[in-house]
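Here is the structure we will look at, set down as C-alpha cells.
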Amino acid sequence: MSNIHCGKDLTSGVIDALGFCAFTVTDDNVARLYPELTKNAYVIPAGEASKTPETLFAVLAEMSNRRIKRGDRIAAVGGGVVGDLTGLAAALYMRGVEWTSIPTSLLAMVDSGIGGKTAVDFNGIKNLVGAFHMPRDIVISCEFLKTLPEREWLCGTGELIKTCLLSKDAYALLTDKLDGFIARDDDSVFALVDECVKIKNAVVESDPEEKNLRKILNVGHTVGHALESADRYKLSHGEYVLKGMLTELAMCRDLTDEAFYDEITRLLVGFTAPPRTTGKSVCEKALSDKKNTGDTITIMLPRAAGDILDVKIERADFMRRYDDALKELKRVWTSL
Ligand code: GLY
C-alpha cells in the first residue's frame, strides 16, 4: 500500500521525496513551470499523445542509459499521462522498481495518481496495456494547482464530484465547499482534495485490483467512456465523466432518491451540457468496453450519496433509457 502525504503546500515534501528517487519523469509543461523540481528529469511532451508504447520504451531506454538498478526508486511528477506511463515503466523495468507519485493536476491528485493503475494506450484503445503497480509514496501538494489551466480544472472537477458521491460526509462537504471550490479558495480546494484522497485510498486499499468494491469508482464512467470514444476524445476525460454522471443518473432516475437526483442534476448542469451522441453509438461503445460482458451494460449508480448500486442493463433497455434521459436533460437544460 502507498504512504500518502497531502497538504496545501508540500513543496518541501516534494523535494524530500524526489531526493529518494534516482530518476524522474515529467512533461514539458511541468518542467517549464517548475524547473527547480525537475532539473534532471526526463521530459516527455505534455498530453495524451505521449501515452504510447513508444514513449514508454523511450523512458525505459533512458532508465537503462542512466544505469537505474532494481533497488532504485523512480518518480512521476505530472498529471495522469505522466503518472500512468511512469508507473508502467516502474512495473516493467527489471520486473519492477518502486515509484513515487507526485500528481500536479487536480485529476491526478484525486484519482489517477492514487491506486496503482498504470497503462499506455495501444491499438487505438485507451489504457489497453497496463499493470497494477502501487506507488510506494504519494505526495500531493495543492500548491501545484495554482498554475493549473482552466480546462484541467474542469477535467479534475469531474473526478472530484464523482468521488464525493461515494460518501455521505464527502457529499455534504462538497455542497458546503462548492462555491469556495469554484472560486478556487485554497481552504475549500484543499478540504475537498484531502477528502477525495482519503476516500480513493480507502477504496483501493480494500480492493487493489478492482475485483469488487473498487468498481464504485466507475460512477459516470460507463456512459462517460462511451461518449469519449464515440466523440474521439474531443473533450477531456473529466468532462466526459461529468456528462456520464449526468446521463446515467437521468437514465436510472426511477432507481434514485428524488431529492438527491434533483440536487445533483442541478449541480452537474452547472459544469456541463447534456450529451448529443446517439443512443445507438453510445450503446455500441459501452458494449465493447472491457468492463462489460455479453449484451449487458453495467452502470454504477449513486442512488443517494454514499449508496452505490450496481445496475445491469440489457442493450434495448439501455437505448430506451438513454433516449428518455436525453429528453429529460434537454428539459432541465432549457429550463435553466
Ligand atoms: N480511476 C478509477 C480507478 O482508479 O479505479
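Here this note's numbering = 1-based position in the sequence shown + 499. Ideal placement from N, C-alpha and C gives every residue a C-beta, glycine not left out. Predicted model, so just to flag it, every value in this text is computed and none were measured.
_Would you call the region 674 to 691 in contact with the region 709 to 718, where contact means no fewer than 3 C-beta pairs closer than 8 Å?_
no
*Sorted by chain position, which residues of the same chain lie with C-beta nearer than 7 Å to Thr510's C-beta, five sequence neighbours on each side aside?*
Ser640 and Glu642
_C-alpha distance - Ala530 paired with Val576, whole-angstrom precision_ = 9 Å
*asked:* Considering only their Cβ atoms, is the gap separating Ala589 from Trp598 smaller than 8 Å?
replied: yes
*Is Ile543 helix, strand or coil when you go by DSSP?*
strand
*Within the same chain, show all residues whose beta-carbon is closer than 6 Å to that of Met633, passing over the 5 residues directly before and after it, in chain order.*
Ser501 and Gly615
*When burial is assigned at 16 or more other CB atoms within 10 Å of the CB, is Asn539 buried or exposed?*
exposed
*8 Å contact criterion, which Lys784 and Thr795 should meet: CB distance rounded*: So it is not a contact: roughly 15 Å between Cβ atoms.
*Check whether the Cβ of Glu547 lies closer than 7 Å to any heavy atom of the ligand GLY, and answer yes or no.*
no
*Among residues of its own chain, excluding the 5 on either side of Phe689, which ones have a beta-carbon nearer than 7 Å to its beta-carbon?*
Lys507 and Cys641
*Label Trp652 either buried or exposed according to how many other C-beta atoms from any shown protein chain fall within 10 Å of its C-beta, with 16 as the threshold for buried.*
Classification for Trp652: buried.
*asked:* Could you check if Glu762 belongs to the surroundings of the ligand GLY, using beta carbon to heavy atom distance under 7 Å?
replied: No; taking the cut-off as 7 Å, the Cβ of Glu762 has no heavy atom of the ligand GLY nearer than that.
*Going by the C-beta, is Glu738 closer than 7 Å to any heavy atom of the ligand GLY?*
Every heavy atom of the ligand GLY is 7 Å or more from the Cβ of Glu738, so no.
_Taking DSSP's pairing of strands, which residues face Glu658 in a bridge?_
Answer by DSSP bridge pairing: none, since Glu658 is not bridged.
*What are the start and end residues of each continuous alpha helix (DSSP H) run of 4 or more residues lying completely inside the region 715 to 740, in chain order?*
720 to 729
*asked:* Using a Cβ distance threshold of 8 Å, determine whether the region 659 to 669 contacts the region 799 to 814, with at least three qualifying pairs required.
replied: In short, these stretches touch, since the Cβ pair count reaches three.
*Beta-bridge partners of Ser640, as assigned by DSSP*: Gly506
*Taking just the CA atoms, how far does Val596 sit from Val558?*
14 Å
*asked:* Pairs of beta-carbons, one from the region 718 to 726 and one from the region 745 to 756, closer than 8 Å: are there three or more?
replied: yes
*Beta bridge counterpart(s) of Gly629 as assigned by DSSP*: Ala618
*Excluding sequence positions up to five away, which residues of its chain have a Cβ less than 7 Å from the Cβ of Glu738?*
Leu653, Cys654, Gly657 and Thr771
_For Cys505, tell me which candidate among Gly769, Cys695, Ala824 and Arg819 has the shortest Cα-Cα distance._
The candidate whose alpha carbon is nearest that of Cys505 is Cys695.
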